[in-house]
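K.L.:
Heads up: the sequence shown at position 303 corresponds to 303 in the numbering used here, and the numbers run straight through without jumps. Ideal Cβ positions, reconstructed from N, Cα and C, are used throughout, including at glycine. Quick caveat: nothing in here was measured; it's all calculated off a predicted structure.
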Amino acid sequence: MRRKSFSASLFTPHPSLFTGCAYCILPRVADHYDMQEILSRVKAAFIGLAVGDALGAPVEFLTAHEIKAKYGRLEEIVGGGWLRLKAGQVTDDTEMSLCVARAIVAAGGWDLQGIAGRFAAWLKTKPIDVGDTCRKGIRNYMLKGELETPFNQWDAGNGAVMRLLPVALFTMGDDALLEKYAVAQAHLTHNHPLSDAACVYFGRLVHLAVLGFSKARMRRELEGLITEYPNFRFDPYRGLSTGYVVDTMQTVFHYFFKARDFEECLVGTVNQGGDADTTGAIAGALAGAYYGMENIPKRWIRKMDRKVMEDVVTLAERLITMSPTGMKGR
Ligand code: MN
Ligand code: MN
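1) Please classify Thr248: is it buried, with 16 or more other beta-carbons within 10 angstroms of its beta-carbon, or exposed?
2) For Gly157, name the three-state secondary structure that DSSP assigns.
3) Apart from the five residues on each side of it in sequence, which residues of its chain come closer than 7 Å, Cβ to Cβ, to Ala186?
4) Going by beta carbon distance, what residues of the same chain come within less than 6 Å of Met111, once the five residues before and after it are set aside?
5) Give a yes or no on whether the C-beta atoms belonging to Gly137 and Thr91 are separated by under 8 Å.
6) Between the Cα of Leu49 and the Cα atoms of Gln89, Arg73, Glu37, Met327, which residue gives the shortest distance?
7) Look up Thr189 in the DSSP assignment and say whether it is helix, strand or coil.
8) Check this for me: beta carbons of Ala116 and Leu147, under 8 Å apart or not?
9) How would you label Trp351, buried or exposed, when you count the other beta carbons within 10 angstroms and need 16 or more for buried?
10) Return the residue from the list Leu123, Phe234, Gly326 that minimises the CA-CA distance to Asn140.
11) For the 8 Å Cβ check, are there 3 or more pairs between the stretch 126-134 and the stretch 156-171?
12) Leaving out five residues before and five after Ala64 in sequence, what residues of the same chain have Cβ atoms less than 7 Å from its Cβ?
13) Once you ignore the five residues that flank Arg118 on each side, which residues in its own chain have a CB closer than 7 Å to its CB?
14) Compute the beta-carbon to beta-carbon distance between Leu39 and Glu317, rounded to the nearest angstrom, for a pair I have assumed lies under 8 Å.
15) Which first and last residues belong to the alpha helix (DSSP H) in which Ala103 is found?
16) Taking the CB atoms as reference points, tell me whether Phe262 and Arg219 lie closer together than 8 Å.
17) In the DSSP assignment, find the unbroken alpha helix (DSSP H) run with Tyr255 in it and report its ends.
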């Protein structure tokens with residue numbers, strides 16, 4: 001798909017409560033945009049998340065050298081890995097994102113309690129993979145009913161940002177709403193300023209990508225993040241791709257801005273190793289939002305669980321329909 005760029009005059013800057021971000025979308029946005037193109041990017045974002053998870057999971061916790069020795073360059077969805085996955089099987093990154101999306105859609109609006117309830121129900125199914133911080137936060141909710149985990153200096157993992165996409169879709173067109181809900185959903189399990197900042201800025205990048213803005217504009221957006229938290233600077237890239245949210249986001253940003261298409265972005269990201277399913281999922285959501293459905297390799301989609309693909313498409317459409325953009329689904 002050729003990306004169309006949209007006239008900047010459709011957007012009026014507004015002072016944001018959070019650092020530096022200055023965009024808002026006119027209420028009549030739905031009249032101005034190519035709906036089909038936006039819907040394609042919204043669906044591709046959620047499919048991209050699942051595809052990145054399934055592509056990266058088999059090499060989770062391997063180093064780039066170990067991946068090279070074993071696969072050369074990993075370019076296919078192969079399954080296996082420490083979780084002994086079927087090819088195309090997704091993990092907690094996609095499953096928790098589905099919990100968030102389903103809770104919002106089921107409630108017909110924002111429902112933090114509903115999200116926490118679905119996380120708890122999911123944890124009871126004994127999922128194959130759960131991050132320690134996520135488990136602790138969900139247990140905190142189950143035992144005490146608390147919707148906010150206390151600040152913890154060790155909570156700067158990537159577990160909140162990996163499941164943020166549904167919040168970004170649901171708040172499309174309203175930056176203040178994104179910020180509020182992104183932080184609220186993050187604090188169910190992760191209460192740390194670096195995680196919060198990653199969530200808000202990842203959401204902003206998804207908004208810009210879905211609405212058709214350029215990579216140059218997206219990169220400019222990140223200057224706000226880097227000014228506030230220089231840790232997130234990703235140029236020069238340090239090559240770290242652990243579950244620490246700073247390493248994770250540096251990896252995603254590096255490969256997203258460097259690559260020319262969805263496949264190049266995802267292959268680069270997961271071959272870096274480390275928390276590869278999670279960097280893959282976040283990069284997949286962002287690259288999907290930017291490039292749209294036609295740019296996601298069909299051979300990867302064919303490997304995926306069909307039910308998961310149907311669910312993410314339906315949920316993505318529902319979320320954008322509920323968003324402040326006032327877009328209609330199919
Ligand atoms: Mn995972
Ligand atoms: Mn992971």
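P.N.:
From the atom records:
1) buried
2) strand
3) Ala160, Ser195, Asp196, Cys199
4) Correcting the residue identity first, residue 111 is Asp in this sequence and not Met. These residues qualify, in order along the chain: Ala103.
5) no
6) Gln89
7) coil
8) yes
9) Residue 351 falls outside the range modelled here, since the chain spans only 1 to 330, and no answer is possible.
10) Leu123
11) yes
12) Asn271, Gln272, Gly273
13) Cys99, Arg102, Ala103
14) 7 Å
15) 92-107
16) no
17) 245-258
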